[in-house]
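Asker: Everything in the sequence shown is counted per the numbering used here, starting at 17 for the first residue and increasing by one. Quick one: structure below, then a few questions.
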Amino acid sequence: MESLLGHIAEYLKRELDSNLPQRRAATRAQCAAEILELMNREEIATLARLWFDILSGAQAGDPVKKRIAGDIMASFHAWLIGRIPDDEADPPRAAWALLALIEGIVVLNAAGHGEAALGAAGLLLGETPQP
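The structure is reproduced here in structure tokens:
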């Protein structure tokens, strides 16, 4: 299972890389919007069910799922550092903030509150991401 989940994480990163513009975003909101738009695509959204299962297992104390979830998040964090605007004062911290925001939007969207999540993101970012 561990190997399979690693392959899925690599697949998602490849999909993000190949489907997003090959440049840094101009703003944090643009960065979030581009990623969220891709996350709404059916072929990527299907993987969200697996991601939620991994997170559920990690939260329940499954040590393998906890490590895999941590590895996936660390990998996405490193990837996101290369997408955020050039003028960020603290790119690692900004990437964690955006990752937390994006993951929160994905969860709220799954719970039927996607519009409210985008509005809240707009409050935090100064402009609403438009996926």
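Just so you know, even glycine gets a beta-carbon here, dropped at the ideal spot from N, CA and C.
Below 8 angstroms on the Cβ atoms is my guess for Ala25 versus Ser91; work out the distance and round it to an integer in Å.
Answerer: That belief holds up - the Cβ atoms of Ala25 and Ser91 are roughly 6 angstroms apart, short of 8 angstroms.
Asker: Taking Cβ to Cβ, would you say Thr43 is nearer than 9 angstroms to Pro101?
Answerer: Taking 9 angstroms as the Cβ cut-off, Thr43 and Pro101 qualify as a contacting pair.
Asker: May I ask you to report which of helix, strand or coil DSSP gives Ile100?
Answerer: Here Ile100 sits in coil by DSSP.
Asker: If I'm right that Ala45 touches Glu143 with Cβ under 8 angstroms, what's the distance once you round it to whole angstroms?
Answerer: Between Glu143 and Ala45 the Cβ distance is about 4 angstroms, and since that is below 8 angstroms, they are a contact.
Asker: Please tell me whether Trp95 and Leu52 are closer than 9 angstroms, where the distance is taken between their beta carbons.
Answerer: Not a contact, by the Cβ cut-off of 9 angstroms.
Asker: Determine the burial state of Ala105: buried for a count of at least 16 other Cβ atoms within 10 Å of its Cβ, exposed for fewer.
Answerer: Exposed: under 16 other Cβ atoms inside 10 Å.
Asker: If Met55 sits next to Ala48, beta carbons under 8 angstroms apart, how far is it from one beta carbon to the other, in whole angstroms?
Answerer: So it is not a contact: roughly 10 angstroms between Cβ atoms.
Asker: Between Ala111 and Gly120, how many whole angstroms is the CB-CB distance? I'm expecting something under 8 angstroms.
Answerer: About 15 angstroms separates the two Cβ atoms, so there is no contact after all.
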